[in-house]
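**Student:** Before anything else, here's the structure in question.
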Amino acid sequence: MAAEISAEDREILQDFIEESNYMIEQLEPIIIELGHISRQADDWLETMNAIFRLFHSMKGSAGFLELTNIQGVAHSAENLLDLVRSDKIILQQSHVDLLCQACDFTKEALVAISREFTDQSMEQQAGLLGEALRQAIELALAPPAEVETTGEPDPQPLSFEMVITPEMKETFCREAEELLDKIEQGFLAWRESSRDPEIIGELFRNIHSLKGNCGFLGLADLETLAHRIETVLAGVKEGEELLSDHPETILLQLVDVLREAVAEVAAGGVGTIADLQGFIGLLQGVSRRPLGQILIDEGAVLPLHVELAVFNQERARETGQPVKAIGEELVEMGAAEPAQILSALGKQKEKVPAPRPKAQERPECEKKIAMARQDIRVDLDKLDSLINLIGELVIAENMLIHNPDLVGLEMENFNKAAQQMRKLVKELQEMAMQIRMIPVSGLFRKMIRLVHDLSSKSGKKVDLQLVGEETELDKTVIETITDPLVHILRNSLDHGLEPPEERLAAGKDQTGRLLLSARHEEGEIWITISDDGRGLNRDKILAKAIANGLIEGDGSDLSDDKVFRLIFSAGLSTAEKITDISGRGVGMDVVKQNLAKIRGKVDVHSTLGQGTRVDLRIPLTLAIIDGMLVRVGGEKCIVPILAIRESFRPEEKDITITPDGDELIRVRESFFSTLRLHRVLGKEPDSHDLTDGILIVLEHHGSTICLFVDEILGQQQTVIKGLSEYIGNPAGIAGCTILGDGEVCLILDVGGLVEITENPRPRGTTH
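Sequential numbering from 325 applies to the sequence shown in the numbering used here.
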């Protein structure tokens, strides 16, 4: 395609890029799964067909857009898969690696297309990869050498599978209805101006898109009928004569059939078309059947042979060589005899009477079809602007409701209106945040390919388990934590998990376990990466930290967790040798930096010889929280409500002072440490006596503390603002906000407050 393209073509290309990237995300995990599934497994064929459909859809879309390099690679991959699923060859690990390389090539080509609007710069790589795939096919088709059996059982299937979610089906039905509306209008316009190239071209594009969508979801009947209609339109584009004077009448009838099948999908079905062959027969009365289809129907050739012949024709057109007829191509490759071609040509010229399809009873489910949701694509920057505006609206609401000029006035109607406005603003905020939330499954499934490649490179056996893929996070947050997740997984696999022989010597299973999970907890999303490897070596970390000047003394007074957190310091690595996977001392500090950008935290826990667990704590929302406004002296602060369990004024009998000077408060039958907020803020309180103030019981990840403040002022929604860069990230502070009177106040980080309590700094006074 030319570098200068129209806005419409640019939009089509952008849709293709987004669709293909989504396909690649689906492809990589199930390709790797295929390499671990026994041919006799129940889901082998389903997995194989899912991969085949994805490559087939990608090939078709790329061919339509004249992206010949992506088309060629996808076609070669499709040929390999077709031979495997038809039992012509046996799938090998090298085939899985080549299919993964095809995914890598496509991702790189999509980046090039986004810049250049063409994939021509990828021609050399496409040629090399295509040749590698063709050689793999030839090698697999060669007579097998005798192979000594090892007696090892077939590997067990992994627990990954391509899931068609209700949201995907809903999106399909919505888009299918839109495409069918366009197709119907196109056929009606065709009736008025037959043979208009623009109308035919638009019809072909729409039916092609519909066919691809059906194939992606595995809706076989819908895909088959759409493909047959597409074949008719392709013939018209090439100038073929039709057998019917009014083909649009039959084609409009088939549009109705497609609508009914889509309606069945919307109601939970699989889009079954009763008497599908009868409707296909109607098309035989419209145009001549393609020669290749006649030969396939008669069993003279395989679909693969026709695909190869068509591919050879396309290559000839691209290189400017004479294009041979499909029959000639099939004869030359030895797939068909000349007599079979002549017989098929004769049948192609016959006018086949179109069988009348049986009366199709409308399925019961069609009567109770839910209205399909209608969506539009919105730029993420617009959503960011919307969230920011809602944040400003919350601030304006607080300034209005908490206006000091209104204090003491009797305004019943105003208070009712203010309460209603507060409710509406909260609903608006929740809805806007929900728009940005997406499941972490897409991020998690990308890690399958990463772990596969790293385990192959290192020679380690790894069982990756994914838990909580349905957990939702802000899209921006997911983009921010991708790199940290990659760094942690690289280190777990390279430094944490041992080689098989070392694991066996330690009495472990030779296959290491790597767990990646996500869950909601206390208003945060927790992403955990754990392994059952060798664990962190405290002595090695301390020695490296001392050598780098990160700590003073010998570190004997530091807890294990505090020592382990040193791995997130820049330049610290305990690796004995540098590999191309990790070990250079960069990466883990990036984890902490990236999480700090989204107010996230990272914790690490490890037991020598048993494994390591890394927890990423990420705020559920980046913009607005519910908070409790408290006061210490002249300073006001916000405490996140989700962390508050209760508040009370203590009595003298509930207070205990330890020999170290720590203050413990008895809450029913438990004793909790006390943290004086004025010490954290460096402010003078109204009183130093605990019985004169308020204690707020805060809980965070199993740890509980009592926070001492002078006064609780009330509850309000709070817009989180970041602190200036020169202030940095003070311990116990999450950010700041603007109150209703325009005053700026700090938002407390409960996790940080708990950490201060558990690891107090030396102090010279008790008050």
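Built from N, CA and C at the ideal position, the CB exists for glycine as well.
Computed from a predicted structure; not experimentally measured.
Note down the Cα distance separating Gln637 from Gln617, rounded to an integer number of angstroms.
**Tutor:** Straight-line Cα distance between these residues: approximately 16 Å.
**Student:** Compute the beta-carbon to beta-carbon distance between Gln664 and Leu619, rounded to the nearest angstrom, for a pair I have assumed lies under 8 Å.
**Tutor:** Confirmed, Cβ separation roughly 7 Å.
**Student:** So, helix, strand or coil for His726, using DSSP?
**Tutor:** Three-state result, His726: coil.
**Student:** Is the stretch 762 to 775 in contact with the stretch 800 to 812, if contact means three or more CB pairs nearer than 8 Å?
**Tutor:** As far as the Cβ criterion goes, the stretch 762 to 775 touches the stretch 800 to 812, which means the pair count is three or higher.
**Student:** In three-state terms, what does DSSP make of Asp708?
**Tutor:** Helix, per DSSP.
**Student:** Using only the alpha-carbon positions, how far apart do Leu337 and Glu343 sit?
**Tutor:** Approximately 10 Å, taken between the alpha carbons.
**Student:** Are the CB atoms of Gly859 and Leu932 within a distance shorter than 9 Å?
**Tutor:** Yes. Within cutoff.
**Student:** Label Asp798 either buried or exposed according to how many other C-beta atoms from any shown protein chain fall within 10 Å of its C-beta, with 16 as the threshold for buried.
**Tutor:** Classification of Asp798: buried, given that the 10 Å Cβ count is 16 or more.
**Student:** With three or more C-beta pairs closer than 8 Å as the rule, is the stretch 730 to 740 touching the stretch 751 to 758?
**Tutor:** Output reads no: the stretch 730 to 740 does not touch the stretch 751 to 758.
**Student:** Following the continuous beta strand (DSSP E) through Asp927, name the residue where it begins and the one where it ends.
**Tutor:** Unbroken beta strand (DSSP E) run through Asp927: 925 to 931.
**Student:** Would Ser816 be called buried (16 or more neighbouring beta carbons within 10 Å of its own) or exposed?
**Tutor:** The residue is buried, with at least 16 neighbouring Cβ atoms inside 10 Å.
**Student:** Rounded to whole angstroms, what's the CA-CA distance from Ala920 to Gly1046? Just pull it up for me.
**Tutor:** Their Cα atoms are separated by approximately 11 Å.
**Student:** Given Glu975, which residues of its chain have a CB within under 8 Å of its CB, disregarding the five upstream and five downstream residues?
**Tutor:** Contacts found: Thr1015.
**Student:** Hey, quick one: how far does the alpha helix (DSSP H) through Ile290 stretch, first residue to last?
**Tutor:** Residue 290 cannot be examined here, being either before or after the span of the chain that is shown, 325 to 1091.
**Student:** Hey, how far is the Cα of Pro677 from the Cα of Glu526?
**Tutor:** Any reading at Pro677 needs caution, since the residue's pLDDT is 48, under 50, leaving its predicted position unreliable; the model's value is listed next. Rounded to the nearest angstrom, the two C-alpha atoms are 29 Å apart.
**Student:** Compute the beta-carbon to beta-carbon distance between Leu1019 and Leu1077, rounded to the nearest angstrom, for a pair I have assumed lies under 8 Å.
**Tutor:** Not confirmed; about 13 Å, so no contact.
**Student:** In terms of residue numbering, what span does the beta strand (DSSP E) encompassing Ile1044 cover?
**Tutor:** First-last for Ile1044: undefined, no H or E at that position.
**Student:** In whole angstroms, give me the CA-to-CA distance for Arg908 and Leu839.
**Tutor:** Bear in mind that a pLDDT of 39 at Arg908, under 50, signals an unreliable position, so the model cannot answer this.
**Student:** I'd like to check one pair, Leu457 with Asn393: are the Cβ atoms closer than 9 Å?
**Tutor:** The answer is no: Cβ separation not under 9 Å.
**Student:** Closest by CA to Phe376, which one among Phe388, His399, Ala386?
**Tutor:** Measuring from the Cα of Phe376, the nearest candidate turns out to be His399.
**Student:** If the criterion is Cβ atoms closer than 9 Å, does the pair Lys535 and Ala558 meet it?
**Tutor:** No, they are not a contact pair.
**Student:** Only counting the same chain, and skipping five residues up and downstream in sequence, which positions put a Cβ closer than 6 Å to that of Ser381?
**Tutor:** Closer than 6 Å at the Cβ level, and outside the excluded window around Ser381, lie Gly536, Gly539, Phe540.
**Student:** Would you report the Cα separation of Ala624 and Arg552, rounded to the nearest angstrom?
**Tutor:** Distance between the alpha carbons of Ala624 and Arg552 is about 20 Å.
**Student:** DSSP three-state label for Thr835, please.
**Tutor:** In the structure shown, Thr835 sits in a strand (DSSP, three-state: E or B).
**Student:** To the nearest angstrom, how far is the alpha carbon of Pro662 from that of Ile650?
**Tutor:** Whole-angstrom Cα-Cα distance: 12 Å.
**Student:** Taking DSSP's pairing of strands, which residues face Pro763 in a bridge?
**Tutor:** According to DSSP, which records beta bridges pairwise, Pro763 is partnered with Glu796.
**Student:** Which of helix, strand or coil does DSSP assign to Pro943?
**Tutor:** Pro943: strand per DSSP, three-state reduction.
**Student:** How many Å lie between Ile341 and Cys427 at the Cα?
**Tutor:** Their backbone Cα atoms lie some 13 Å apart in a straight line.
**Student:** Within the same chain, show all residues whose beta-carbon is closer than 6 Å to that of Glu1082, passing over the 5 residues directly before and after it, in chain order.
**Tutor:** Closer than 6 Å at Cβ, skipping near neighbours: no residue.
**Student:** Does the Cβ of Ser533 have 16 or more other Cβ atoms within 10 Å, making it buried, or fewer, making it exposed?
**Tutor:** Ser533 comes out buried.
**Student:** According to DSSP, Leu949 sits in a beta bridge with which residue or residues?
**Tutor:** First, the amino acid is wrong: residue 949 is Ile here, not Leu. DSSP, once it has assigned bridges, lists Thr1042 as partnering Ile949.
**Student:** Measuring straight from C-alpha to C-alpha, what distance separates Val810 and Arg955?
**Tutor:** C-alpha separation (whole angstroms): 42 Å.
**Student:** Name the two residues that bound the continuous alpha helix (DSSP H) containing Ile406.
**Tutor:** The sequence as given places Asp at residue 406; Ile does not occur at that position. First-last of the alpha helix (DSSP H) with Asp406: 392 to 409.
**Student:** Using the Cα positions of Ser709 and Arg1000, report the straight-line distance between them to the nearest angstrom.
**Tutor:** Taking the straight line from one Cα to the other gives about 39 Å.
**Student:** Can you give me the C-alpha to C-alpha distance between Phe511 and Thr548, rounded to a whole angstrom?
**Tutor:** Taking the straight line joining both Cα atoms gives about 19 Å.
**Student:** Which residue marks the beginning of the alpha helix (DSSP H) containing Val560, and which one marks its end?
**Tutor:** Here the alpha helix (DSSP H) through Val560 covers 544 to 561.
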